[in-house]
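Below you'll find the structure, written out as structure tokens, and then a few comments.
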Amino acid sequence: MPPILSLRGITKTFGAVAALTDVDLDVRAGQVVAVVGDNGAGKSTLVKVLSGVHPQDGGTITFDGGQTTIPTPAAAQRLGIATVFQDLALCENLNVIENLFLGQEIRPFRLDDVAMETRSHDLLKQLSAKIPNLRAPVAGLSGGQRQTVAIARSLLGEPKVIILDEPTAALGVAQTAEVLNLVERLRENDLGVIMISHNMADVKAVADKVAVLRLGRNNGVFDAAEVSAEEIVAAITGASDNVVSRRAARS
Amino acid sequence: MTTTLQRQRLKGTVESVRGGDLGVIPVVVGLVVIWTVFQILNPVFLSSRNLVDLAMDSAPVGIMALGIVCVLLVGQIDLSVGSVSGLSGAVLAVLFVDQGLPVVVAILAAMALGALIGYLYAQLFNRFGVPSFVITLAGLLAFLGLQLWVLRGKGAINLPFESGLVNFAQLSFVPPWLAYVFVAVAAGWLFVSGFLHARARRDAGLPARGLTGLLVRSGALLIGLGGVVWYLNQARGVGWMFVLFVAMVLVMHYLLARTKWGKSVYAVGGNVEAARRAAINVKAAYTSVFVLCSTFAAIGGILMAARLAAANQSSGTGDVNLNAIAAAVIGGTSLFGGRGTAFGALLGIVVIQSISSGLTLLNLDSSIRFMVTGAVLLLAVIVDSVARKSRTSHGRA
Numbered sequence: 001m002p003p004i005l006s007l008r009g010i011t012k013t014f015g016a017v018a019a020l021t022d023v024d025l026d027v028r029a030g031q032v033v034a035v036v037g038d039n040g041a042g043k044s045t046l047v048k049v050l051s052g053v054h055p056q057d058g059g060t061i062t063f064d065g066g067q068t069t070i071p072t073p074a075a076a077q078r079l080g081i082a083t084v085f086q087d088l089a090l091c092e093n094l095n096v097i098e099n100l101f102l103g104q105e106i107r108p109f110r111l112d113d114v115a116m117e118t119r120s121h122d123l124l125k126q127l128s129a130k131i132p133n134l135r136a137p138v139a140g141l142s143g144g145q146r147q148t149v150a151i152a153r154s155l156l157g158e159p160k161v162i163i164l165d166e167p168t169a170a171l172g173v174a175q176t177a178e179v180l181n182l183v184e185r186l187r188e189n190d191l192g193v194i195m196i197s198h199n200m201a202d203v204k205a206v207a208d209k210v211a212v213l214r215l216g217r218n219n220g221v222f223d224a225a226e227v228s229a230e231e232i233v234a235a236i237t238g239a240s241d242n243v244v245s246r247r248a249a250r251s
Numbered sequence: 252m253t254t255t256l257q258r259q260r261l262k263g264t265v266e267s268v269r270g271g272d273l274g275v276i277p278v279v280v281g282l283v284v285i286w287t288v289f290q291i292l293n294p295v296f297l298s299s300r301n302l303v304d305l306a307m308d309s310a311p312v313g314i315m316a317l318g319i320v321c322v323l324l325v326g327q328i329d330l331s332v333g334s335v336s337g338l339s340g341a342v343l344a345v346l347f348v349d350q351g352l353p354v355v356v357a358i359l360a361a362m363a364l365g366a367l368i369g370y371l372y373a374q375l376f377n378r379f380g381v382p383s384f385v386i387t388l389a390g391l392l393a394f395l396g397l398q399l400w401v402l403r404g405k406g407a408i409n410l411p412f413e414s415g416l417v418n419f420a421q422l423s424f425v426p427p428w429l430a431y432v433f434v435a436v437a438a439g440w441l442f443v444s445g446f447l448h449a450r451a452r453r454d455a456g457l458p459a460r461g462l463t464g465l466l467v468r469s470g471a472l473l474i475g476l477g478g479v480v481w482y483l484n485q486a487r488g489v490g491w492m493f494v495l496f497v498a499m500v501l502v503m504h505y506l507l508a509r510t511k512w513g514k515s516v517y518a519v520g521g522n523v524e525a526a527r528r529a530a531i532n533v534k535a536a537y538t539s540v541f542v543l544c545s546t547f548a549a550i551g552g553i554l555m556a557a558r559l560a561a562a563n564q565s566s567g568t569g570d571v572n573l574n575a576i577a578a579a580v581i582g583g584t585s586l587f588g589g590r591g592t593a594f595g596a597l598l599g600i601v602v603i604q605s606i607s608s609g610l611t612l613l614n615l616d617s618s619i620r621f622m623v624t625g626a627v628l629l630l631a632v633i634v635d636s637v638a639r640k641s642r643t644s645h646g647r648a
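Protein chains in written order, with my numbering: chain A, 1 to 251; chain B, 252 to 648.
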């Protein structure tokens with residue numbers, strides 16, 4: 001099966017700084033690809049290229065069999081690439097339904113709350129997510145539930161690829177498990193998932209492939225089932241001889 | 252089934268109040284206290300005659316408060332509504348009386364001037380990012396100056412008593428039978444729309460209000476509103492100007508609660524960045540509320556001039572500005588943005604006007620009125636701030 005999204009030789013520079021150099025990445029439908037790397041490795045830049053915030057300077061993007069460009073966020077949305085950014089950007093004073101449909105309400109001049117509520121239930125059911133009251137303000141939700149709302153919102157446009165930027169960064173143990181369940185639901189729904197993460201345990205738990213970035217370049221793509229956390233760390237830091245491995249050897 | 256749902260609703264209400272979502276509770280409590288105190292001090296206070304006047308006097312500043320609600324919802328403020336209302340009254344008088352233009356033209360011109368002022372504020376805010384309280388504070392002084400200049404050498408312009416505008420603001424009351432028809436239509440409409448909505452929800456498999464709940468609600472409205480109308484009809488009745496105010500409240504309620512524009516206003520007040528990411532045109536949302544607020548201020552000014560049958564150099568000065576803002580805040584609109592309803596303006600202005608009317612009946616002059624209104628505004632803001640704190644500590648902010 002060919003990849004749904006395929007990047008070849010992606011390059012992006014900011015002035016004299018090369019943020020990405022010749023980066024390749026493949027994502028298939030129903031596959032979770034974890035993108036890992038140290039601070040400044042180019043993870044966020046890659047997300048921004050894919051979400052249309054900063055178009056690439058060089059290289060090609062192939063989506064669903066055809067070569068394409070992503071000049072704007074709207075273009076990304078039209079293609080079917082949805083991004084859930086780390087700061088979820090929800091309106092705390094609005095309820096779950098209002099947040100899900102913010103900016104894309106059904107029937108602008110006489111809001112169809114029945115249709116929106118039904119669709120909200122469907123979306124959350126698709127994620128097997130439980131949110132007790134859809135009509136309560138988002139302010140009362142836990143971190144995991146907010147992540148659920150943000151992911152559900154990105155599903156409204158029926159995307160084929162969904163990018164999660166550090167989805168578990170600020171969450172507790174139980175909430176992290178909740179979000180990892182969501183990622184598995186997305187895979188079951190045949191979406192391609194790109195998950196940016198710092199957390200090796202989460203990566204090992206849900207990813208099929210692990211793509212390592214180092215200093216803006218590819219530094220290996222591993223099968224998550226076969227690779228050990230140490231090997232990933234070695235690829236992230238760029239050497240088998242480094243402070244992390246020395247520390248591991250000492251203990 | 253219905254009873255469980257109702258019990259859940261009740262429990263939800265209690266919880267949300269504890270969590271700092273006070274809604275209209277403070278204003279209702281405040282109103283009961285104020286009415287009780289003034290009635291004890293002066294038995295005329297709750298007479299039909301006085302309440303008829305109270306309703307009429309509420310309308311102009313109430314309409315201005317309605318505009319303030321919109322501006323507060325996006326987390327901004329307009330401190331110049333008093334000056335804009337004064338200017339609008341002055342422009343109306345000059346065009347209508349001095350220039351002899353038709354009254355409709357004068358009204359439209361004054362409203363257009365208000366809209367233009369709001370547009371100017373929005374441009375300054377969107378383009379230069381100047382805080383709205385500074386822009387409108389500058390507007391407060393500048394438009395007061397313009398008002399004095401428009402009325403230069405005259406001091407005051409009297410509007411002719413026989414004009415339709417003055418008649419509308421002073422003497423034009425709804426015939427009793429028509430007022431009762433309005434009440435019946437309102438109750439019937441509440442029931443029918445609620446019933447259709449509940450049926451649509453049930454068809455979609457969503458929980459819905461039961462028939463009993465709907466009947467109780469519209470029955471309560473019928474009896475409550477009917478009682479008010481009956482009591483006012485013991486004197487002159489319900490003024491058309493007050494009906495205009497209520498109609499504007501209903502329209503604004505619909506726009507805020509049931510349209511995409513309304514959601515965008517709440518979203519901008521709640522989290523600007525989230526609104527921007529959701530592809531909401533944030534600048535357009537700001538522009539719309541500033542224009543709306545200044546236009547409403549102009550309408551308020553026109554009605555004030557009409558009620559007084561004159562526009563003078565002190566129109567819109569004094570406590571007008573603060574009354575409009577106080578009414579919005581007392582009605583439960585948060586100064587921190589994103590929370591509040593159009594009905595808040597109606598409840599809030601009744602509180603403010605009650606204080607003003609009660610103190611006038613006690614023959615206390617404006618010195619006391621200013622102090623009391625200032626204290627009430629402060630109290631309302633304290634309630635708002637405490638509620639916000641409570642929301643934060645309950646994880647609802």
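For every residue, glycine included, the Cβ atom is placed at its ideal position computed from N, Cα and C. Here the structure is a predicted model, which means the values were calculated and not measured.
State yes or no: is the beta carbon of Asn95 (chain A) nearer than 8 Å to at least one beta carbon in chain B? As a working mapping, residue 95 (chain A) is identified with position 95 in the first sequence. Not an interface residue.
Which residues in chain B sit within 9 Å of Val114 (chain A), going by Cβ to Cβ distance? Position 114 of the first sequence, counted from the start, is the residue given in the question as residue 114 (chain A). What Val114 (chain A) touches in chain B: His448, Ala451, Arg452, Asp454, Ala455, Leu457.
Residue(s) in a DSSP beta bridge with Gln175 (chain A): Reading the first sequence from its first residue, position 175 is the one you call residue 175 (chain A). Answer is none; Gln175 (chain A) lacks a bridge partner.
Say whether chain A places a C-beta atom closer than 8 Å to the C-beta of Thr510 (chain B). As a position in the second sequence, residue 510 (chain B) is number 259, starting the count at 1. Yes - at least one Cβ of chain A is within 8 Å of the one on Thr510 (chain B).
C-alpha gap between Ala471 (chain B) and Tyr431 (chain B), whole angstroms: As a first step, residue 471 (chain B) must be located in the second sequence, where it is residue number 220. As a first step, residue 431 (chain B) must be located in the second sequence, where it is residue number 180. In a straight line, the C-alpha of Ala471 (chain B) is about 15 Å away from that of Tyr431 (chain B).
I'd like the span of the alpha helix (DSSP H) that includes Val283 (chain B), first residue to last. As a first step, residue 283 (chain B) is located in the second sequence; it is residue number 32 there, counting from the start. Unbroken alpha helix (DSSP H) run through Val283 (chain B): 276 to 292.
So, at 6 Å on beta carbons, what are the nonlocal neighbours of Val381 (chain B) in its own chain, with the 5 sequence-adjacent residues on each side left out? Counting from 1 along the second sequence, the entry for residue 381 (chain B) is found at position 130. Taken in chain order, the residues that qualify are Leu375.
Tell me the rounded alpha-carbon separation between Phe587 (chain B) and Arg119 (chain A). Within the second sequence, the letter at position 336 stands for residue 587 (chain B). Within the first sequence, the letter at position 119 stands for residue 119 (chain A). Going from the Cα of Phe587 (chain B) to the Cα of Arg119 (chain A) covers about 31 Å.
With a threshold of 8 Å on Cβ separation, who are the neighbours of Val401 (chain B) within its own chain once the five nearest residues in sequence on each side are excluded? Here residue 401 (chain B) corresponds to residue number 150 of the second sequence, with the count starting at 1. So the qualifying residues of the chain are Leu338, Ala341, Val342, Val345.
Taking its Cβ as the centre, do 16 or more other Cβ atoms sit within 10 Å of Lys640 (chain B), making it buried, or is it exposed? By one-based count along the second sequence, residue 640 (chain B) stands at place 389. Per the 10 Å Cβ criterion, exposed.
For the candidate residues A:Ala177, A:Cys91, A:Val33, whose alpha-carbon lies nearest to that of Val523 (chain B)? Position 272 of the second sequence, counting from 1, holds the residue named residue 523 (chain B). Val523 (chain B) has its Cα closest to that of A:Cys91, out of A:Ala177, A:Cys91, A:Val33.
Please tell me whether Val502 (chain B) and Leu476 (chain B) are closer than 8 Å, where the distance is taken between their beta carbons. Taking the first residue of the second sequence as 1, we reach residue 502 (chain B) at position 251. Taking the first residue of the second sequence as 1, we reach residue 476 (chain B) at position 225. Not a contact, by the Cβ cut-off of 8 Å.
Endpoints, the beta strand (DSSP E) within which Lys209 (chain A) is located: The sequence position of residue 209 (chain A) within the first sequence is 209, counting from 1. Segment 209 to 214, the beta strand (DSSP E) holding Lys209 (chain A).
Proximal residues to Leu613 (chain B) (C-beta, below 7 Å), its chain only, five neighbours per side dropped: Here residue 613 (chain B) refers to the residue found at position 362 of the second sequence. Within the same chain, Leu613 (chain B) has close Cβ partners Leu292, Asn293.
Is the CB-CB distance between Pro167 (chain A) and Gln147 (chain A) below 8 Å? Here residue 167 (chain A) corresponds to residue number 167 of the first sequence, with the count starting at 1. Here residue 147 (chain A) corresponds to residue number 147 of the first sequence, with the count starting at 1. Yes; because the gap between Cβ atoms is below 8 Å, this pair is in contact.
Between the segment 52 to 68 of chain A and the segment 494 to 501 of chain B, do at least 3 Cβ pairs fall closer than 8 Å? no
Leu164 (chain A) - DSSP class collapsed to helix/strand/coil: The sequence position of residue 164 (chain A) within the first sequence is 164, counting from 1. Leu164 (chain A) falls in the strand class under three-state DSSP.
Simplified DSSP assignment, three categories, for Ala136 (chain A): Position 136 of the first sequence, counting from 1, holds the residue named residue 136 (chain A). The answer is coil: DSSP assigns Ala136 (chain A) none of H, G, I, E or B.
Comparing C-alpha positions only, which one of A:Val193, A:Ala169, A:Lys204 sits nearest to Leu88 (chain A)? To locate residue 88 (chain A), count along the first sequence from 1; it is residue 88. It is A:Ala169 whose Cα lies nearest to the Cα of Leu88 (chain A).
Among A:Asp113, A:Leu156, A:Leu141, nearest to Ala459 (chain B) - alpha-carbon criterion: Your numbering for residue 459 (chain B) matches position 208 in the second sequence. Nearest of A:Asp113, A:Leu156, A:Leu141 to Ala459 (chain B), Cα basis: A:Asp113.
Does the segment 325 to 332 of chain B come close enough to the segment 382 to 400 of chain B that 3 or more CB-CB pairs lie under 8 Å? yes
Only counting the same chain, and skipping five residues up and downstream in sequence, which positions put a Cβ closer than 7 Å to that of Lys12 (chain A)? Numbered from its first residue, the first sequence carries residue 12 (chain A) at position 12. The residues are Ala19, Leu20, Thr45, Val49, His54, Gln56, Asp57.
Contact with chain B by Arg187 (chain A), beta-carbon distance below 8 Å: Residue numbering aside, residue 187 (chain A) sits at position 187 when the first sequence is read from its first letter. No - not a single Cβ of chain B is within 8 Å of the one on Arg187 (chain A).
First and last residue of the uninterrupted beta strand (DSSP E) at Ile61 (chain A): Walking along the first sequence from the start, residue 61 (chain A) turns up at place 61. Residues 58 to 63.
With three or more beta-carbon pairs closer than 8 Å as the criterion, would you say the segment 588 to 597 of chain B touches the segment 439 to 448 of chain B? no
Taking Cβ-Cβ distances shorter than 9 Å, what residues in chain A pair up with Arg460 (chain B)? The sequence position of residue 460 (chain B) within the second sequence is 209, counting from 1. What Arg460 (chain B) touches in chain A: nothing, since even the nearest Cβ is about 13 Å away.
Looking at the C-beta of Thr118 (chain A), does it have a partner C-beta in chain E at a distance below 8 Å? No chain E is present in this structure, whose protein chains are A and B.
If we cut at 8 Å on Cβ distances, does Tyr537 (chain B) have a partner in chain A? To locate residue 537 (chain B), count along the second sequence from 1; it is residue 286. No, its Cβ sits nowhere closer than 8 Å to a Cβ of chain A.
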